[in-house]
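The structure appears right after this line, and notes come after that.
Numbering (mature numbering (1 follows the signal peptide of the UniProt record, and there is no 0)), first residue to last: -27 to -1, 1 to 739.
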């Protein structure tokens, strides 16, 4: 290619590079060296920078100058691309992508090198034999074969010495309470651990006497990995699952699931112990490649086995997450059903996390089995939640109060205990995992967050958690008081006998005041928590307080009716004018107090209507639910009736009703009040009784039925209103003609209509 063609090609390439440069300053001023190697004066690039202008510039430069300029531009482009790649790799997605690529490459490499794994393992074993010799290996195996029986014999001896204590411990075959069950299982676990410690101490003490100093670490590792760890896991699993004693089982799983999980946990412990031992053995015998490949395949085996266990026992795991509590919420039931599948996802994530740690070369993070312990803590969270709900179910005493308010408060008390327990356990799990991995929550500066701001965020999180706990404790204290209330509250729509009336017994003063106090305290906790959190974030809350004061003053002036309602309601509550569930008469409105707020109260009429009345519009209150109620009953009998006989009948009815189930609601039994009045129909006699508020309707209905039956048995009739028409012309006994009959009928109808208009209409419930 001729020089003009080369120069034209370079000009085109330079044009593209110049146009691709992001910095205008770099594109405008470039130091161009001369052919002798000395740098010439900076050349000013034309503005605007176009391909034609660049060709004209290149035509004035020598070939060496153009090549040097091209190299400099290529260096700029390469540096920019490297910076962009580094910035992209520093993002979360970039880091995660690189980590997953590393895991994929490591997995692919392990699969490719699998045929060489046996050779690498043989190399590690031969290295060990070269150091210790076959004789040394034989002596070690024989020594271990002798130490294990000696340790078991020492354990049996200790068990024999404590046989009487263990016999007393197992005498209680069927613990009746949770405390007795925990005590039984705890003593059994203690006995298992004592035996295991005896075995471990004896073997460790005797090992230096019969094993060479070089082989002691290997002997200890074999003992711990293949004997101690599986037995410890078996003891803990027996404590939680009790595979052979369903009556002692702490987790809500069936017999098959308990036995399967127990066996699987022991098998996993053996596999995990073997994995740790073999990897350490290969690393110690110059077989790092074999250790890496073996660690990969053993890790796949452990997590694969976990997946198989989760799939096979998914129904039992869902039952374990649901727990024994029959009052589980719909959300808790759904989470319990989803737990096995969430566990599968967590197992896969745990495997990926371990492989990422391997590929990053941070094997120090795997010391002590931290990934397995972390995964175990997370997977055991549902079991911990079940244990919390079980403890609450057994520790919270049965409801002492009566009525809907007490039942609702008792249920809320149980839920508060559960939520508090969940917060505490969640905090313990998070702090345990953080301590296990040496995580300092304030060291967030490396993630681009300032140390001071990170510390403030942690402080705010702790303040919010403390505020939530205070909220729950206040709610718990209030609900515990409400759960002990013995009074009913209002009309029960599910009751069989309501009598068609209101007037039920009301709740106590505590059941009326405490819900309002709880609302006020919860609002105060929220406000204080928000203000303290904002203050710790560096936000000045003084203007907020001043603004709140101004807003409150404005509301006070602009909403005087609201203020009047609130103040009136406060004084009504101080005077104890009404309570939840009481039957009130306010002007022409009657009903049972169903809800009390800071501004108004709601009355439910016995026919179902709900009246909302602001406190400021209540001129007076008539309370029909305090202490007692007197019911007066009127009966009209003919003029010729023996009044003394009626008095005896009423007295007998009063004795009879004192033997009825509702006798406890009577304060004074039914008795006669004698003749009340005499009208144009007959004699009006009256009886009365005194009862507890709200109980009078059932009693009154029974008394009406008894009076009717007694009158019928004694030949007493109730007086009936009659219309008598007197016709003087009929005195001679002459028959009536048609006109006279029509006149008599019209007179009778007129008298009956007038009598009906004069009769007063009785009010319901009066």
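Even for Gly, the Cβ is constructed at its ideal location relative to N, Cα and C.
Reference residue i; option with closest CA among the options
i	options	result
residue 538	385, 494, 572, 509	572
residue 220	29, 155, 685	155
residue 166	153, 203, 328	203
residue 570	401, 581, 546, 558	546
residue 619	591, 603, 667, 680	680
residue 601	194, 124, 668, 685	668
residue 355	71, 452, 311	311
residue 789	590, 598, 579	Past the edges of the chain, shown from -27 to 739, lies residue 789, and the structure says nothing about it.
residue 264	644, 716, 233, 89	89
residue 95	228, 637, 78, 255	255
residue 201	214, 168, 186, 215	168
residue 442	515, 360, 398	398
residue 740	110, 435, 171	Because the chain here runs from -27 to 739, residue 740 falls outside it and cannot be looked at.
residue 645	102, 632, 628	628
residue 488	499, 503, 447	447
residue 153	513, 367, 689	367
residue 74	228, 430, 439, 328	328
residue 213	543, 109, 184, 353	353
residue 579	670, 437, 404	670
residue 410	341, 207, 110	341
residue 607	534, 567, 621, 677	677
residue 616	650, 586, 79	650
residue 622	596, 372, 689	689
Integer-rounded CB distance, given that residue j should sit under 8 Å from residue i
i	j	result
residue 449	residue 386	6 Å
residue 692	residue 655	3 Å
residue 455	residue 550	Residue 455 to residue 550, Cβ: 21 Å. No contact.
residue 574	residue 565	In fact, because the Cβ distance is near 11 Å, the residues do not count as touching under 8 Å.
residue 510	residue 433	6 Å
residue 266	residue 86	6 Å
residue 325	residue 278	With 8 Å as the limit, residue 325 and residue 278 do not qualify as a contact, their Cβ atoms being about 17 Å apart.
residue 491	residue 451	4 Å
Boundaries (first-last residue) of the alpha helix (DSSP H) holding residue i
i	result
residue 235	228 to 257
residue 287	287 to 295
residue 679	669 to 686
residue 326	303 to 332
residue 625	616 to 630
residue 540	533 to 547
residue 358	354 to 368
CB contact flag (residue i, residue j, <8 Å)
i	j	result
residue 365	residue 292	no
residue 358	residue 395	yes
residue 338	residue 351	no
residue 347	residue 412	no
residue 673	residue 605	no
residue 192	residue 115	no
residue 559	residue 594	yes
residue 662	residue 643	yes
residue 298	residue 362	yes
residue 241	residue 275	yes
residue 100	residue 258	yes
residue 286	residue 233	yes
residue 123	residue 179	yes
residue 195	residue 237	no
residue 246	residue 210	no
residue 332	residue 76	yes
residue 109	residue 186	no
residue 113	residue 176	no
residue 507	residue 514	yes
residue 223	residue 309	no
residue 231	residue 215	yes
N- and C-terminal bounds of the beta strand (DSSP E) containing residue i
i	result
residue 641	639 to 651
residue 222	Segment: none, residue 222 is in no beta strand (DSSP E) and carries neither H nor E.
residue 664	656 to 664
Closer than 7 Å: residue i CB and nearest the ligand ZN heavy atom
i	result
residue 665	The ligand content of the structure shown is nil, which means the ligand ZN is not present either.
is_contact[residue i, chain C] using C-beta, thresh 8 Å
i	result
residue 79	The chain labelled as chain C is not found in the depicted structure, where only one protein chain is given.
#### Entry: Ordered list of alpha helix (DSSP H) runs contained in the segment 155 to 211, each at least 4 residues
189 to 196
### Contained alpha helix (DSSP H) runs [length at least 4] in the segment 81 to 147, N- to C-terminal order
90 to 134, 136 to 143
### Ranges of the alpha helix (DSSP H) found wholly within the segment 551 to 607, counting only runs of at least 4
none
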